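These notes are about the structure you will find just below.
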Amino acid sequence: KPGSVAIDDAPAEPAREDVRAWVRTDPESGDAVFVALYATHHRDGNGFANISVPVPGGGVDTVLRPEHLGEGVDGGTGIRLTTEGSGDPGLFLRTPVGPFAVPGGQRFEVWPAEDGDEPRLRATHEMWLLGRPFLTVEYEIERA
């Protein structure tokens, strides 16, 4: 059934509509090295991005609030997706006994690259736990 998740071959009703999967594979072996489920939801006129990454015995679920980054030097605009803020945004550990809020978060910022001839995007992904940063990844994205 589209949008459902199977655990022990027992289908479950989806918590979100239009769930999409992103499977990153090793180009040499074709083996999956990262899998995540993506969806969106709306509450009180606000939209949120939902990401679920399976881990043994459950999953790590992230609810991100989008924010406009404003206009850059070249007139392009960007977007920030963050777990910061009240309400739905947050980082959660889903376990067999229920979900738990994790004292951490993450933030993605994506904006047009301002140099070069080919259109590209730049992105920064930051993660923190107990208020301390533990991962920052900066990268560029270009059309294949």
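Under the numbering used here, think of the first position of the sequence shown as 1, with each following residue one higher. Note that beta-carbon positions come from the ideal geometry of N, C-alpha and C, so glycine has one too. Small disclaimer: the values here were computed from a predicted structure and weren't measured.
So the beta strand (DSSP E) Arg143 belongs to, where does it begin and stop?
Where Arg143 is concerned, there is no enclosing beta strand (DSSP E), given that its DSSP letter is neither H nor E.
Entirely within the region 27 to 115 and at least 4 residues each: give me those alpha helix (DSSP H) ranges in chain order.
List check, alpha helix (DSSP H) in window: nothing returned.
Return yes when the Cβ of Ser52 is within less than 8 Å of the Cβ of Leu64, no when it is not.
For Leu64 and Ser52, no; Cβs fall outside 8 Å.
Just to confirm my understanding: we take Arg20, look at its own chain, exclude 5 residues before and 5 after, and list those with CB closer than 6 Å. What are they?
For Arg20, where only same-chain residues beyond five positions count, the Cβ hits under 6 Å are Tyr38.
Report yes if the C-beta distance between Gly104 and Leu135 is below 8 Å; otherwise report no.
Result no, Cβ atoms of Gly104 and Leu135 do not sit closer than 8 Å.
Leaving out the 5 sequence neighbours to the left and right, which residues in its chain are closer than 6 Å to Arg94 when beta-carbon positions are compared?
If we look at Arg94 and ignore the five residues flanking it on each side, its Cβ neighbours are Gly58, Gly59, Asp61.
Taking DSSP as the reference, what is the three-state secondary structure of Leu129?
Strand.
Got a sec? Which residues, its chain only, sit under 8 Å from Thr106 by beta carbon, not counting five neighbours each side?
According to the sequence shown, residue 106 is Gln rather than Thr. Closer than 8 Å at Cβ, skipping near neighbours: Thr62, Leu64, Thr82, Thr83, Leu91, His125, Glu126, Met127, Trp128.
Mind checking which residues open and close the beta strand (DSSP E) that includes Val23?
Note, Val23: beta strand (DSSP E), 20 to 25.
Counting C-beta neighbours from all protein chains within 10 Å, is the total for Phe100 16 or more, i.e. buried, or is it exposed?
Per the 10 Å Cβ criterion, exposed.
Taking C-alpha atoms, which residue in Val23, Pro112, Pro133, Val33 lies nearest to Tyr139?
Selected option, being the one with the closest Cα: Pro112.
By how many angstroms is the C-alpha of Trp22 removed from the C-alpha of Asp31?
Roughly 13 Å between the two C-alpha positions.
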